[in-house]
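Asker: Dropping the structure in here first, questions after.
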Amino acid sequence: MSTHDSYYIPHKAVWPVLATGGLMMTLAGFANHLNGSSIGSGMMLTGFVIFLVMLGLWFALQSTESESGMYNHGVGISYRMGMMWFIFSEVMFFAVFFGALWYTRNLSVSWLGETGFPSGPGRSTHDTLWPAFQSVWPTNGPGKVGGDFEPMGAFGLPFLNTLLLLSSGVTCTWAHHGLLAKNRDQLIKGLIATVGLGFLFVGFQATEYYEAYHEMGLTLGSGIYGSTFFMLTGFHGFHVCVGAIILSVVLFRSWKGHFTPENHFAFEAAAWYWHFVDVVWLGLFVFVYMM
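Counting from 1, position 275 in the sequence shown corresponds to residue 275 in the numbering used here; the numbering is continuous, with no gaps.
Written as structure tokens, this is what we have:
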């Protein structure tokens with residue numbers, strides 16, 4: 001282990017090994033579960049619990065090291081660079097899904113309905129594959145393989161969720177200003193509001209999914225529209241859950257008196273992630289719900 005004046009290096013790296021083992025067991029259990037094995041679900045649950053316990057113990061150790069002053073400026077730079085690259089990977093993750101939506105809506109659907117696209121002597125792709133297909137969006141697929149459904153509108157719960165996430169971005173920034181001003185009461189109140197708005201968003205999205213399945217006929221099997229809708233909004237909802245859990249940990253640490261204006265990267269990382277989730281939702285609201 002290094003001194004406080006040099007770059008901190010721990011004695012041993014136990015937690016990455018446990019993380020790898022837990023994830024491998026989770027994936028192996030999931031594969032066995034898909035193949036009908038009786039041990040699959042138990043193995044998957046055990047691996048996931050190992051991974052969660054590892055996260056809790058690792059982050060508890062990290063917070064103890066940080067609060068004891070073991071990290072110098074170089075460690076702080078490493079943490080920030082790591083978080084930046086992580087968020088960049090998340091940007092690329094969602095870019096792929098937005099790209100799939102754009103390709104489907106603007107290229108493949110129109111190609112299937114294009115009567116002037118040659119396929120054979122005197123015939124078009126449209127005539128050869130699905131003569132009755134209409135290239136309109138949203139679509140439930142050629143032959144209506146996805147069944148009849150009602151598209152999800154932009155106003156109602158989606159618009160309310162947009163207001164909730166935008167408000168949570170404001171309360172998160174307000175909490176940050178309270179931390180910088182050494183106003184712990186403002187910090188805690190801002191974090192409580194942010195976490196509450198985040199979980200409220202998840203609750204409303206669950207209600208939206210329930211209505212989509214039981215009242216609108218919109219499911220994962222509703223053609224390419226249903227697939228892209230639930231893929232994009234579902235992954236975003238998962239990220240909101242993760243962000244709200246991270247902010248809950250930051251809130252708990254704030255209650256314990258952690259963080260100072262000079263040393264609060266954990267809060268900064270959570271705030272960066274939360275603002276990223278906000279921006280992704282704005283893209284979803286425009287390109288998935290409104291267009």
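C-beta: ideal position from N, C-alpha, C; glycine also.
Values in this document were obtained by computation on a predicted structure and should not be read as measured data.
Could you compute how far the alpha carbon of residue 122 sits from the alpha carbon of residue 139?
Answerer: Locating residue 122 in the sequence shown gives position 122, where the first residue counts as 1. Locating residue 139 in the sequence shown gives position 139, where the first residue counts as 1. Unreliable placement is indicated for residue 122, whose pLDDT of 49 sits below 50; no coordinate value is reported for it.
Asker: Measuring straight from C-alpha to C-alpha, what distance separates residue 34 and residue 284?
Answerer: Position 34 of the sequence shown holds residue 34. Position 284 of the sequence shown holds residue 284. Roughly 31 Å separates the two Cα atoms.
Asker: Scan the stretch 237 to 276 and note each continuous beta strand (DSSP E) run of 3 residues or more that stays entirely inside, going in chain order.
Answerer: Those beta strand (DSSP E) runs which fall completely within the stretch 237 to 276 and span 3+ residues do not exist here.
Asker: Give every residue of the same chain whose Cβ lies closer than 7 Å to the Cβ of residue 272, excluding the five residues on either side of it in the sequence, and list them in chain order.
Answerer: On the sequence shown, residue 272 is found 272 positions in, with the first residue counted as 1. Result list for residue 272: 83, 87, in chain order.
Asker: Quick one: Cα of residue 46 to Cα of residue 39, how far?
Answerer: For the purposes of this step, residue 46 is taken as the residue at position 46 of the sequence shown. For the purposes of this step, residue 39 is taken as the residue at position 39 of the sequence shown. Cα to Cα, residue 46 sits roughly 11 Å from residue 39.
Asker: Would you identify the three-state DSSP class for residue 207, choosing helix, strand or coil?
Answerer: Along the sequence shown, one-based indexing puts residue 207 at 207. Of the three classes helix, strand and coil, the one that applies to residue 207 here is helix, per DSSP.
Asker: Look at the alpha carbon of residue 8 and the alpha carbon of residue 58, and state the distance between them as a whole number of angstroms.
Answerer: As a working note, residue 8 is residue 8 in the sequence shown. As a working note, residue 58 is residue 58 in the sequence shown. Taking the straight line joining both Cα atoms gives about 16 Å.
Asker: Please state the DSSP three-state secondary structure of residue 163.
Answerer: Position 163 of the sequence shown, counting from 1, holds the residue named residue 163. Here residue 163 sits in helix by DSSP.
Asker: Cutting at 7 Å between CB atoms, please list the residues of its own chain near residue 74, excluding the five before and the five after it.
Answerer: Numbered from 1 along the sequence shown, position 74 holds the residue referred to as residue 74. Excluding positions up to five away in sequence, the list reads 7.
Asker: Within 10 angstroms of its Cβ, does residue 255 collect 16 or more other Cβ (buried), or is it exposed?
Answerer: To locate residue 255, count along the sequence shown from 1; it is residue 255. By the 10 Å Cβ count, residue 255 comes out exposed.
Asker: Assign residue 246 to one of two classes, buried (16 or more other C-beta atoms within 10 Å of its C-beta) or exposed (fewer than that).
Answerer: As a working mapping, residue 246 is identified with position 246 in the sequence shown. With 16 or more Cβ atoms within 10 Å of its Cβ, residue 246 is classed as buried.
Asker: For the 8 Å Cβ check, are there 3 or more pairs between the stretch 276 to 290 and the stretch 159 to 171?
Answerer: Short answer: they touch.
Asker: May I have the straight-line CA-CA distance separating residue 223 from residue 76, to the nearest angstrom?
Answerer: As a working mapping, residue 223 is identified with position 223 in the sequence shown. As a working mapping, residue 76 is identified with position 76 in the sequence shown. Approximately 47 Å, taken between the alpha carbons.
Asker: Would you be able to state if there are at least three C-beta pairs under 8 Å between the stretch 89 to 99 and the stretch 210 to 220?
Answerer: Segments in contact, no.
Asker: If we call anything under 9 Å between Cβ atoms a contact, is residue 97 one with residue 180?
Answerer: What you label residue 97 is simply residue 97 of the sequence shown in a count that begins at 1. What you label residue 180 is simply residue 180 of the sequence shown in a count that begins at 1. Against a cut-off of 9 Å, the Cβ pair of residue 180 and residue 97 comes out as no contact.
Asker: Under the three-state reduction of DSSP, which class applies to residue 53: helix, strand or coil?
Answerer: In the sequence shown, residue 53 corresponds to position 53, counting from 1. Three-state result, residue 53: helix.
Asker: Apply the 10 Å Cβ neighbour rule to residue 274 and answer buried if 16 or more other Cβ atoms are within range, or exposed otherwise.
Answerer: Within the sequence shown, numbered from 1, the residue matching residue 274 stands at position 274. The residue is buried, with at least 16 neighbouring Cβ atoms inside 10 Å.
Asker: Straight-line CA distance for residue 169 to residue 108?
Answerer: Indexing the sequence shown from 1 puts residue 169 at position 169. Indexing the sequence shown from 1 puts residue 108 at position 108. Their Cα atoms are separated by approximately 36 Å.
Asker: DSSP state of residue 87, grouped into three classes?
Answerer: Taking the sequence shown and counting its residues from 1, one reaches residue 87 at position 87. Looking at residue 87 - three-state DSSP - the assignment turns out to be helix.
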